[in-house]
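**Q** Taking this note's numbering, the leading residue of the sequence shown gets 195, the next gets one more, and so forth.
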Amino acid sequence: MNPLASNNRSLAERDLRHLWHPCTQMHDHLSVPMVPIVRGEGAWLIDADGRRYLDGISSWWTNLFGHANPRIGAALKAQLDTLEHVIFAGFTHEPAIELAEELVRITPPGLDRVFLADNGSAAIEVALKMSFHYWLNQGRGEKNRFIALSGSYHGETLGALSVSDVALYRKTYAPLLLTPILAPSPDAYEGEDGESAASVAARRLGELRTLLERHAHETSAVIVEPLVQCAGGMRMYHPSYLTGLRALCNEFNVHLIADEIAVGFGRTGTLFACEQADIAPDFMCLSKGLTGGFLPLSAVLTTQQVYEAFYAEYSAGKAFLHSHSYTGNPLACRAALATLQIFRDEPVLERNRGLAAHLATRLAPLRDHPNVAEIRQTGMIAAIELVQNKARRQAFPAGERRGLRVYLHGLEHSALLRPLGNVVYFMPPYVITEQEIDHLVDVAIAGIHHAVRD
Ligand SMILES: *Cc1c(COP(=O)(O)O)cnc(C)c1O
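1. Given 7 Å as the limit, tell me if GLU540 has its C-beta closer than that to any heavy atom belonging to ligand 1.
2. Between the region 489-509 and the region 523-530, do three or more beta carbon pairs fall short of 8 Å?
3. Along the beta strand (DSSP E) that carries TYR492, what are the first and last residues, could you check?
4. Cβ-heavy atom distance between ASP387 and ligand 1 below 7 Å?
5. Along the beta strand (DSSP E) that carries TYR619, what are the first and last residues, could you check?
6. Does MET195 come out as helix, strand or coil in the three-state DSSP assignment?
7. Taking three-plus beta-carbon pairs below 8 Å as touching, is the region 395-412 in contact with the region 243-254?
8. At what residues does the beta strand (DSSP E) containing GLN571 begin and finish?
9. May I ask which residues mark the beginning and end of the beta strand (DSSP E) holding SER344?
10. Would you mind stating whether PHE282 and THR496 have Cβ atoms separated by less than 8 Å?
11. Run through the DSSP bridge pairs and tell me what TRP238 is partnered with.
12. In this structure, how does DSSP classify VAL448 when only helix, strand and coil are distinguished?
13. Would you say the beta carbon of GLY345 is closer than 7 Å to some non-hydrogen atom of ligand 1?
14. Output yes or no for whether 8 Å exceeds the beta carbon distance between VAL500 and TYR383.
15. Does the beta carbon of ILE455 fall short of 7 Å from some heavy atom of ligand 1?
16. Does the beta-carbon of MET195 have 16 or more other beta-carbons within 10 angstroms, so that it is buried, or is it exposed?
17. For HIS261, which residues does DSSP report across the bridge?
18. Just to confirm, is the Cβ distance from HIS603 to HIS563 under 8 Å?
19. Beta-carbon separation of SER414 and LYS365 under 8 Å?
20. For a minimum of 4 consecutive residues, which ranges assigned as the alpha helix (DSSP H) are wholly contained in the region 377-464?
21. Round the Cβ separation of GLY427 and VAL617 to the nearest angstrom and send it over; I've been treating them as touching at under 8 Å.
22. What separation, rounded to the nearest whole angstrom, lies between the Cα atoms of LEU534 and LEU274?
23. Taking the runs of the beta strand (DSSP E) that are 3 residues or longer, which of them lie wholly in the region 542-606?
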């Protein structure tokens, strides 16, 4: 083989000839480089020219314990020689059984049933259908609407996109979607001058109550991203909102769906974000970090009560109908088990507390920057809100693509930072070191200075 055949440029050219990438205006690649990665190592990605990038966003929030993690890799290799896949209807296997046992053990109390799917959006589809079907099986088929929060993101298949409120993803496809009932987000950044996060949460609960008074009879579930609305710009809110939300869902007889796809598995400082409000949802959706970033897999956990509403003679026609070819894939389950084993063997959450504190200290000086409206952090998620005018909190026009400048600056300086609009954020793998955090923050600060000029 020609030794030059696999460097960055030739791989990028071949890629652009046939591939179509997600979340991308492909025309951008006339000027934005396509980066071919050949190897991963801890928190680092290495391209075909040997350049290294510190993965500040855990490769779309999936990676927890490093790229090519040897423990997860070894578990997968053993599984590869045993069983790669089997139909999951009528058949089962130990990796799925063990995974269900472990997920039931570690999630909030009452979540005793596990339904598997193969990506985050699919888990949302499952939760929405299951919630609706539960009410239908109870003779309450009129409960067929969902309440979602403004600024929320739950995925991009039609059902998941229906309950999402990020205009970039939703607007174009709106004619195809269900119409959710939108409740105002408890997002603390959107609070009034001087208003605390807790009082924003209380005010938003009051507004949700009004919506429920009007719509509970036709509402199946309220769906939320606990504590952090990630794709909506890493917007954060007070845990008391979740506590109040749980109480309202009970009072008005609607389900609570907690989408922990991004915030689960230690991201927010506790194993699951719901723990910080001491609540258990009726449905919990998990994916992303579930396999440590190795393979696509998702799980929907629900209660025995929900399960029992479907359990009847075949002729009653109450069975839950949803299947994917790769449901319960043994390789993915094995990767998940190896990932959860690391949580059992190592003081992950404690180590993350130290790393999160270090990140906070390093970001603090940016508070005085004239274009930084807010620095917010929940555990291993930190975000910097860039604005044109700090006093008025006036956003940069989206068309100026300031975040893209930070991204390009990062690539030039060995860091993968991928801002969401004007929000520069850090969501690194848990194996990152303090020195590596320093590198990420230094590159981000220089990138921000560069991005806000003229
Ligand atoms: C990423 C994400 C999803 C969708 O998961 P995919 O695997 O990308 O389909 C759903 N909800 C939240 C909160 C997410 O961050």
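By construction, the Cβ of each residue, glycine as well, lies at the ideal position given by its N, Cα and C atoms.
**A** Straight from the coordinates:
1. no
2. yes
3. The amino acid at residue 492 is misidentified as Tyr; the sequence shows Ser. Run containing SER492: 492-497, per the beta strand (DSSP E) assignment.
4. no
5. 617-620
6. Here the model assigns MET195 a pLDDT of 48, short of 50, so the residue's position is not dependable, and the following value carries that caveat. MET195: coil per DSSP, three-state reduction.
7. no
8. 566-572
9. Run containing SER344: none; DSSP gives neither H nor E here.
10. no
11. GLU235, LEU248
12. coil
13. no
14. no
15. yes
16. With a pLDDT of 48 at MET195, under the threshold of 50, the modelled position of this residue cannot be trusted; read the value that follows with caution. Under this definition MET195 is an exposed residue.
17. GLY236
18. no
19. no
20. 391-409, 434-446
21. 5 Å
22. 19 Å
23. 566-572, 575-580
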